[in-house]
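Participant: Numbering (our numbering), first residue to last: 30 to 311.
Below is the structure I would like to discuss, written out as structure tokens.
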Amino acid sequence: MAPPVYGDLGKSAKDVFGKGYHFGVLKLECKSKTSTGVEINAGGTNALESGKVAGNLETKYKVKEHGLTFTEKWNTDNTLNTEVAIEDKVAKGLKLVLNTTFAPQTGKKSGVLKSTYKTDALSVNLDSTLDLGGPVVNGAAVASYKNWLVGYQMSFDTAKSKLTKNNFAVGFTNPDFILHTYANDGAEFGGSLFHKISSELEGAVDLSWAAGSNTTRFAIGCKYALDKDAALRAKVNNSSQVGLGYQQKVRDGITLTLSTLIDGKNFNQGGHKVGLAVELEA
30 MAPPVYGDLG
40 KSAKDVFGKG
50 YHFGVLKLEC
60 KSKTSTGVEI
70 NAGGTNALES
80 GKVAGNLETK
90 YKVKEHGLTF
100 TEKWNTDNTL
110 NTEVAIEDKV
120 AKGLKLVLNT
130 TFAPQTGKKS
140 GVLKSTYKTD
150 ALSVNLDSTL
160 DLGGPVVNGA
170 AVASYKNWLV
180 GYQMSFDTAK
190 SKLTKNNFAV
200 GFTNPDFILH
210 TYANDGAEFG
220 GSLFHKISSE
230 LEGAVDLSWA
240 AGSNTTRFAI
250 GCKYALDKDA
260 ALRAKVNNSS
270 QVGLGYQQKV
280 RDGITLTLST
290 LIDGKNFNQG
300 GHKVGLAVEL
310 EA
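Have a look at this one:
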């Protein structure tokens, strides 16, 4: 099994802190699939403080016999995004993606060419913006040896001939324990720990330190499955912010998520946030 790409290192811990929380928004997401195999994903959010409403529509179609995937996206900022991906056809383990974005109101266009190559012991990413004035090249690689993972990530601005990102990561993984550490640009250091304590309970710890500001960030979180249809989530950080979430599968195709963020330092002053998300799938 190939190691994860650089961006997915520590993903299990990130999911504990990120999934199931929708602070300050009302969210609706609808997923469906047509008889011809076209996947449709439509959704919208309403920010409770500002009242801003945002929506999006995504369609995806896969041509399995040719390894092709076509994805079209549109959002209420009137931005159109088209993605064409081909996987395991040019070479086994190689995925090529062309992603283009177009804003009709301004006429602004952009594009990115992405590639991912995976073997049993190595995952490599190489992306480049399609900019004739000087593309930005992003690269990353993750190698595995037994339960150990070592990764490197870089970004190079060809217009300025400057390395803008220089990151390293080391991790250890097994079925119920994942450790991830990183050093970003020699200025930020941190790591995360994920532990599957039991079949119902997952826990995670996240820690980081910024050398420039000499600030430390710390958080601990957990997810507890009440049964196959319901789950509780909780997290707290060193700023005394407490996040709570409850997710319930009401019936097949309908999932309800309630969440709240409590500011422990200013508990009596208010300013706490709530969120509601409804996911529909058919």
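By construction, the Cβ of each residue, glycine as well, lies at the ideal position given by its N, Cα and C atoms.
In angstroms, rounded to a whole number, what distance separates the CA positions of GLN298 and GLN276?
Facilitator: Translated into the one-based positions of the sequence shown, residue 298 becomes position 269. Translated into the one-based positions of the sequence shown, residue 276 becomes position 247. Cα to Cα, GLN298 sits roughly 28 Å from GLN276.
Participant: By Cβ distance below 8 Å, which residues in the same chain neighbour PRO133 in space, the five residues on each side in sequence not counted?
Facilitator: Sequence index remark: in the sequence shown, residue 133 carries index 104 (1-based). For PRO133, where only same-chain residues beyond five positions count, the Cβ hits under 8 Å are ASN107 and LEU109.
Participant: Could you give the residue range of the beta strand (DSSP E) that holds LYS191?
Facilitator: Counted from its first residue, the sequence shown places residue 191 at position 162. Where LYS191 is concerned, the enclosing beta strand (DSSP E) stretches over 191–203.
Participant: Taking DSSP's pairing of strands, which residues face LEU309 in a bridge?
Facilitator: The sequence position of residue 309 within the sequence shown is 280, counting from 1. The partner list for LEU309 (beta bridge, DSSP) reads CYS59 and ILE283.
Participant: Please name the residue in ASN203, LEU222, ASP117 and GLN182 whose C-alpha comes closest to that of VAL92.
Facilitator: Here residue 92 refers to the residue found at position 63 when the sequence shown is read from its first residue. The option with the nearest alpha carbon to VAL92 is ASP117.
Participant: Excluding the 5 residues preceding and the 5 following HIS51 in the sequence, name in chain order all residues of the same chain whose CB lies nearer than 6 Å to its CB.
Facilitator: Counted from its first residue, the sequence shown places residue 51 at position 22. Within the same chain, HIS51 has close Cβ partners SER288, GLY304 and ALA306.
Participant: Quick one: any contact between the stretch 133–151 and the stretch 159–175, if contact means 3 or more CB pairs under 8 Å?
Facilitator: Touching, per the Cβ criterion.
Participant: Could you round the C-beta distance between THR129 and GLY140 to whole angstroms and report it? I think they count as a contact, below 8 Å.
Facilitator: Working through the sequence shown from its first residue, we reach residue 129 at position 100. Working through the sequence shown from its first residue, we reach residue 140 at position 111. Going by Cβ atoms, the distance from THR129 to GLY140 rounds to 4 Å, so yes, they are a contact pair.
Participant: Take the Cβ of GLU231 as the centre, count every other Cβ of all protein chains shown within 10 Å, and call the residue buried at 16 or more, exposed below.
Facilitator: Numbered from 1 along the sequence shown, position 202 holds the residue referred to as residue 231. Buried, by the Cβ-count rule.
Participant: Starting from ALA42, trace the alpha helix (DSSP H) in both directions and tell me its first and last residue.
Facilitator: For the purposes of this step, residue 42 is taken as residue 13 along the sequence shown, with counting starting at 1. 40–47 is the span of the alpha helix (DSSP H), which, as asked, contains ALA42.
Participant: Mark VAL54 as exposed unless 16 or more other C-beta atoms lie within 10 angstroms of its C-beta, in which case mark it buried.
Facilitator: Within the sequence shown, residue 54 is the residue found at index 25, counting from 1. Counting Cβ neighbours within 10 Å, VAL54 comes out buried, since at least 16 surround it.
Participant: Go ahead and label PRO32 buried or exposed: buried means 16 or more other beta carbons lie within 10 angstroms of its beta carbon, across all protein chains shown.
Facilitator: Your numbering for residue 32 matches position 3 in the sequence shown. By the neighbour-count rule (16 or more Cβ atoms within 10 Å), PRO32 is buried.
Participant: When you compare only the Cα positions, how much space is there between TYR146 and LYS124?
Facilitator: For this step, residue 146 is matched to residue 117 along the sequence shown. For this step, residue 124 is matched to residue 95 along the sequence shown. Those two C-alpha atoms are separated by around 6 Å.
Participant: Just to confirm the assignment, what range does the beta strand (DSSP E) spanning PHE185 have?
Facilitator: Taking the sequence shown and counting its residues from 1, the one referred to as residue 185 is at position 156. Segment 177–186, the beta strand (DSSP E) holding PHE185.
Participant: Looking only at its chain, what residues have a beta carbon closer than 6 Å to the beta carbon of LYS62, apart from the 5 residues adjacent to it on each side?
Facilitator: Start at 1 with the first residue of the sequence shown, and residue 62 comes out as number 33. Cβ within range, chain order: GLU68.
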